[in-house]
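*Asks:* Listed in order, the protein sequences are those of chains P and H.
Residues in the first sequence are numbered from 1 upward in steps of one, following my numbering.
Residues in the second sequence are numbered from 1001 upward in steps of one, following my numbering.
Idealized CB from N, CA, C, for every residue including glycine.
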Amino acid sequence: MSIRLKFDYRKFPADRSEAFPRRQSATRPVIPVTLINGDRKVTNLAIIDSGADLCIFHAEIGEQIGIDIESGKVQTFSGITREQLTAYFHNIKIGIGGHEYDCYAGFSRDLANMPYGLLGQVGFFDLFNIVFDYNKERIKLISKDNE
Amino acid sequence: MVENTDLRKVLKGYSNKWIALSADSSKVVGVADNPKGALEQAHSNKEANPILTKTPEHYGTFIL
């Protein structure tokens, strides 16, 4: 039986700009995710990012659950800038809504100004069918267990 | 447990810090330059299940 989970979008502070002079907040599909390595775990906020190929978290979070970051498999990646970034991949478990899943996740020291971990296609979107309802500020995750 | 998802007031004023939120995200229970320090403060504040996040230097716009 598929697992169905619901989360609300989260609102964060946002600075005004010339383009958006009335802006007061940013509403983002950010959910709490527990990263699990054996008996060590830590919960942090992660953004559901359909544009991300992979799941990548801050290296400092990985260290907190006892991972030797640089011992992982290397993958370079980039965002919208030309900058090449590096992540090291490890097999961990992720806990979402009280359920645990295997996840081949990257940890990077290059997410300096990114507030959240990234939940991307491999390791997250391959686990769930996802409904984003921005107007209702609601996210639905439906596990693909029985497909 | 009712979870607070409006973090505008809770996170306002913090810049480039690791933040530990209470399990219901209603308040900050730890602030430090690294996750370890934020979690230690959270546990000192008797928060058993803190939620970590990082605040950016500026609350700008993200295009991922």
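For P/P13, name the three-state secondary structure that DSSP assigns.
*Replies:* In this structure, P/P13 counts as strand in the three-state DSSP scheme.
*Asks:* Within 9 Å of any Cβ in chain P, is that where the Cβ of H/E1057 sits?
*Replies:* It does; some Cβ of chain P falls within 9 Å.
*Asks:* How about the stretch 75–85 of chain P and the stretch 25–37 of chain P: do they share at least three Cβ pairs that are nearer than 8 Å?
*Replies:* Result no; under three Cβ-Cβ pairs closer than 8 Å.
*Asks:* What span of residues does the alpha helix (DSSP H) with H/P1035 cover, start to end?
*Replies:* Segment P1035 to S1044, the alpha helix (DSSP H) holding H/P1035.
*Asks:* State buried or exposed for P/H99, treating a residue as buried only when at least 16 other CB atoms are found within 10 Å of its CB.
*Replies:* Its Cβ having fewer than 16 others within 10 Å, P/H99 is exposed.
*Asks:* My output table needs one value for P/A26: the three-state DSSP class, helix, strand or coil.
*Replies:* Three-state result, P/A26: strand.
*Asks:* From H/K951 to H/N1004, what distance separates their C-alpha atoms?
*Replies:* Absent from the structure is residue 951 of chain H, since the part of chain H shown begins at 1001 and ends at 1064.
*Asks:* In three-state terms, what does DSSP make of P/I65?
*Replies:* Correct three-state label for P/I65: coil.
*Asks:* What is the C-beta distance between P/F124 and P/G72, in whole angstroms, given that I count them as a contact (C-beta under 8 Å)?
*Replies:* Going by Cβ atoms, the distance from P/F124 to P/G72 rounds to 18 Å, so no, they are not a contact pair.
*Asks:* Are H/G1030 and H/A1020 close, meaning C-beta to C-beta below 9 Å?
*Replies:* Yes.
*Asks:* P/L45 versus chain H: which residues are under 8 Å apart at the beta carbon?
*Replies:* Those are I1051, L1052 and T1053, listed as they occur along chain H.
*Asks:* For chain H, check one thing: does any of its Cβ atoms lie closer than 9 Å to the Cβ of P/E100?
*Replies:* Chain H, which has no Cβ nearer than 9 Å to the Cβ of P/E100, makes this no.
*Asks:* Closest by CA to P/F77, which one among P/S2, P/V42 and P/F57?
*Replies:* Checking every option, the nearest Cα to that of P/F77 belongs to P/F57.
*Asks:* What number of angstroms, rounded off, separates the C-alpha of P/G62 from the C-alpha of P/S143?
*Replies:* Straight-line Cα distance between these residues: approximately 25 Å.
*Asks:* With a threshold of 9 Å between beta-carbons, can H/K1027 be considered close to chain P, or not?
*Replies:* Chain P, which has no Cβ nearer than 9 Å to the Cβ of H/K1027, makes this no.
*Asks:* Report all residues from its chain with a CB closer than 6 Å to the CB of P/K6; omit the five preceding and five following residues, and keep chain order.
*Replies:* K140.
*Asks:* Between the alpha carbons of H/K1054 and P/L127, how many angstroms are there, rounded?
*Replies:* Roughly 26 Å separates the two Cα atoms.
*Asks:* Provide the residue(s) that pair with P/H99 in DSSP beta bridges, ordered along the chain.
*Replies:* DSSP output for P/H99 lists P/I96 as bridge partner(s).
*Asks:* Round the Cβ separation of P/S50 and H/R1008 to the nearest angstrom and send it over; I've been treating them as touching at under 8 Å.
*Replies:* No, P/S50 and H/R1008 are not in contact; Cβ-Cβ is about 25 Å, not under 8 Å.
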